[in-house]
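Q: If you read the sequence shown in the numbering used here, its first letter stands for residue 2, the second for the next number, and so on. For every residue, glycine included, the Cβ atom is placed at its ideal position computed from N, Cα and C.
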Amino acid sequence: MIVNLFRHTQWLSIFVLFIASTLLWSIFSFSSFEFGNPNKYGPFELLISSFVKPIFIQRLLLGLFIFAQCLYFNKIIVNQRIISINSLFPAFFYFLILTSFPNSIQWSSILISLVFILLALKKILTLYLKKEAYTTIFDAALMIGIACIIHPPFIIFAPSLWIGMSIFSQVEWRLWVLSFGGLTLPWLIFYTIVSSGIIPKLNMTYIVRAFKPLKASGFKVTTEINYGDYITLGFLFIIVLVAIYELISGLKYKNIRARKSYILLMWMTLMGFIFIYTSHCSIFLSFICLAIPLSAIISNYFYYHKNSIWLNFLLFIFITLILVNHLMI
2 MIVNLFRHTQ WLSIFVLFIA STLLWSIFSF SSFEFGNPNK YGPFELLISS FVKPIFIQRL
62 LLGLFIFAQC LYFNKIIVNQ RIISINSLFP AFFYFLILTS FPNSIQWSSI LISLVFILLA
122 LKKILTLYLK KEAYTTIFDA ALMIGIACII HPPFIIFAPS LWIGMSIFSQ VEWRLWVLSF
182 GGLTLPWLIF YTIVSSGIIP KLNMTYIVRA FKPLKASGFK VTTEINYGDY ITLGFLFIIV
242 LVAIYELISG LKYKNIRARK SYILLMWMTL MGFIFIYTSH CSIFLSFICL AIPLSAIISN
302 YFYYHKNSIW LNFLLFIFIT LILVNHLMI
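Below, the structure is given as C-alpha cells:
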C-alpha cells in the first residue's frame, strides 16, 4: 500500500508528504537553537538570525522548506531521466533520510547547503550531450562555492563537479578554469564584504568553528544520542547495501544518461561518507548530506523491484523505526 502510494506522483501522495513534513519538522520533533556569541556570526547565523526568536516562524518555515526541497529533488531525478517514470519515490526517500534522526530536525548550515548542492547537481546533470557547457559549469561551481561558504566542510563535494564534467561533457582547459573561477568567486565576494565591514556582525572565524565540535562552537544544539538512532542507522545501512548491489547489477541495462548519472551519485555517496568521517558534527546530523545520492539509489531499488510485499515490509519497518526513534526523544 505504501509503495503504491508513492510509486507514481499523484495529489494524494504529495499531500501525505506535506502533512508528514509539517508534523515531524514543524510540530513534534523540532529542535530550536540559540547563538553563543551574537557578535561573531557566519552567513548561516546571519541568514536566520532575523527569525530566531519567534519559534512558530522557525517551525513553519522549516516544515515548508523541507517539503519544497523534497519536491525539487524529485523534479531533478525525474526530469533528468534518472528514473524514467514520474514517481514520487525520490522525494519520499529524501524526506525519510532527512527525518531519520531527531537531532537533525532543526535549522542547520548543512541543511541550507544541501539546497545549493541540489542546484549544482541539476546543472551538472544537464551537461549530458551539451555542446556549449561554459555557463552551466560556471553556475554549478558557483552553487558549490556558496554551499561551502554556508558550511565550509562541503568543500569535500567540490570534486563532484569535475567528475560530472568528465562523465557528461568534453573536458577542456577552459572548462576547468571556469569551474575554479566559479568556486572561488563567492569566497572573494564574501571576503570583500567581511573586510569592508559592511555587515559588522559577519565574521570569518565561523570557518574555524565549522571544523570544531559543536560544543566548542558558539552554536548550541542538542546532541543527545539514543539507541534508536543506531538501530535506525543500521537498518537504513542494510537497505542501502541491498539497493547499491541491485543498482550495480542492473546498471548495464539502463540507458546511457541514467548510467552516467548513477555513477556520479555513487561518487557523491563516497564523498558523503568522507564528509561524515572528517566532520566534527554528530554523525546523525552529518548523515543528511547523504540524502541526495542515497535517496536516488534507494528509489531505483523500490521502483524496479517486483515484490511489493517485500518492499512494503521494508518500508513499514523503516517508518516504524523512525517514528519510535522520534518518540524516544
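#1: To which residues does DSSP link L99 through a beta bridge?
#2: Assuming V178 is part of the alpha helix (DSSP H), what are its boundary residues?
#3: Within the continuous alpha helix (DSSP H) that includes A259, where are the two ends?
#4: Using C-beta distances below 7 Å, list every residue in its chain close to K216, excluding the 5 sequence neighbours before and after it, in chain order.
#5: Could you check the C-alpha separation between L112 and S280 for me, to the nearest Å?
#6: Does the distance from the CB of G83 to the CB of L24 come in under 9 Å?
#7: For K123 and I318, I'd like the C-alpha separation in whole angstroms.
#8: Just to confirm the assignment, what range does the alpha helix (DSSP H) spanning Q59 have?
#9: Between the C-alpha atoms of S101 and L128, what's the straight-line distance to the nearest angstrom?
#10: Should M2 be labelled buried (16 or more other beta-carbon atoms within 10 Å of its own) or exposed?
#11: Taking the alpha carbon of F117 as the point to measure from, which residue in Y305, S309, I293, T321 has its own alpha carbon closest?
#12: Once DSSP output is grouped into helix, strand and coil, what is the label at L89?
#13: Please list, in chain order, all residues of the same chain as M272 whose beta carbon is under 8 Å from its beta carbon, the five residues on each side excluded.
#14: Is the stretch 188-195 touching the stretch 284-298, taking contact as three or more C-beta pairs under 8 Å?
#15: What are the boundary residues of the alpha helix (DSSP H) that C290 is part of?
#16: Assuming R260 and L252 are in contact, meaning their beta carbons sit under 8 Å apart, how far apart are those beta carbons, in whole angstroms?
#17: So I15 packs on L97, CB below 8 Å; how close in whole Å?
#18: Cβ atoms of I277 and I284: under 9 Å apart, would you say?
#19: Considering only residues of the same chain and omitting the five flanking positions on each side of S180, which have a CB-CB separation below 6 Å?
#20: Return the CA-CA distance between S309 and K131, expressed in angstroms with no decimal places.
#21: On the three-state DSSP scale, how would you describe L115?
#22: May I have the straight-line CA-CA distance separating Y305 from L119, to the nearest angstrom?
#23: Taking C-alpha atoms, which residue in I58, F93, I56 lies nearest to A69?
#24: Tell me whether L237 is buried or exposed, calling it buried when 16 or more other Cβ atoms sit within 10 Å of its Cβ.
#25: If the criterion is Cβ atoms closer than 9 Å, does the pair F74 and Y95 meet it?
#26: Return the CA-CA distance between L189 and G183, expressed in angstroms with no decimal places.
#27: Does the distance from the C-beta atom of I86 to that of G64 stay below 9 Å?
#28: Kindly indicate which residue of W12, I164, W311, T321 has the alpha-carbon position closest to the one of L265.
#29: As a quick exercise: from V243, L176, F303, pick the residue whose alpha carbon is nearest that of Y135.
#30: Would you tell me roughly how many angstroms separate the C-alpha atoms of N80 and F303, rounded to the nearest one?
#31: Using only the alpha-carbon positions, how far apart do L186 and P44 sit?
#32: Please state whether the Cβ-Cβ distance between K1 and Y263 is less than 9 Å.
#33: For my contact list, T233 and N326 are in at a C-beta cut-off of 8 Å; report their separation, rounded to the angstrom.
A: Result, derived from the coordinates:
#1: Paired residue(s): none; L99 is not in a bridge.
#2: In the DSSP annotation of this structure, the continuous segment of the alpha helix (DSSP H) that includes V178 starts and ends at 174-197.
#3: Segment 257-279, the alpha helix (DSSP H) holding A259.
#4: Summary for K216: the model assigns pLDDT 45, below 50, so the residue's position carries little reliability; its value from the coordinates is reported in the next sentence. Around K216: no qualifying Cβ.
#5: Cα-Cα distance, rounded: 15 Å.
#6: Inspection of the sequence shows that residue 83 is occupied by Ile rather than by Gly. A distance of 9 Å or more separates the beta carbons of I83 and L24.
#7: Going by the C-alpha atoms only, they are around 32 Å apart.
#8: Element bounds for Q59: 56-80.
#9: S101 and L128 have their alpha carbons spaced roughly 32 Å apart.
#10: By the 16-neighbour rule on beta-carbons within 10 angstroms, M2 is exposed.
#11: For F117, the nearest C-alpha among the options comes from I293.
#12: Here L89 sits in coil by DSSP.
#13: Excluding residues within five positions, the ones whose Cβ falls inside 8 Å are I157, F158, P160, S161.
#14: Taking 8 Å as the limit for Cβ pairs, the verdict is that the stretch 284-298 does not touch the stretch 188-195.
#15: Run containing C290: none; DSSP gives neither H nor E here.
#16: About 6 Å separates the two Cβ atoms, so the contact holds.
#17: Not quite, the Cβ-Cβ distance comes to about 15 Å (not below 8 Å), so this is no contact.
#18: Result yes, Cβ atoms of I284 and I277 sit closer than 9 Å.
#19: When the five nearest sequence neighbours on each side are left out, the beta carbons in the same chain lying within less than 6 Å of the beta carbon of S180 are those of I138, A142, L162, in order along the chain.
#20: Distance between the alpha carbons of S309 and K131: 38 Å.
#21: Of the three classes helix, strand and coil, the one that applies to L115 here is helix, per DSSP.
#22: Rounded to the nearest whole angstrom, the CA to CA distance from Y305 to L119 is 24 Å.
#23: Closest in alpha carbon position to A69, among I58, F93, I56, is F93.
#24: It counts as buried.
#25: Taking the C-beta atoms as reference points, Y95 is found nearer than 9 Å to F74.
#26: If I take the Cα positions, the gap works out to 10 Å.
#27: Not closer than 9 Å, so no.
#28: Considering only alpha carbons, the answer is I164.
#29: Taking only the C-alpha atoms, the option nearest Y135 is L176.
#30: One Cα belongs to N80, the other to F303, and the distance between them is close to 18 Å.
#31: C-alpha separation (whole angstroms): 16 Å.
#32: Nothing can be reported for residue 1: it is not among the residues displayed for the chain, which extend from 2 to 330.
#33: Contact holds; Cβ gap of about 5 Å.
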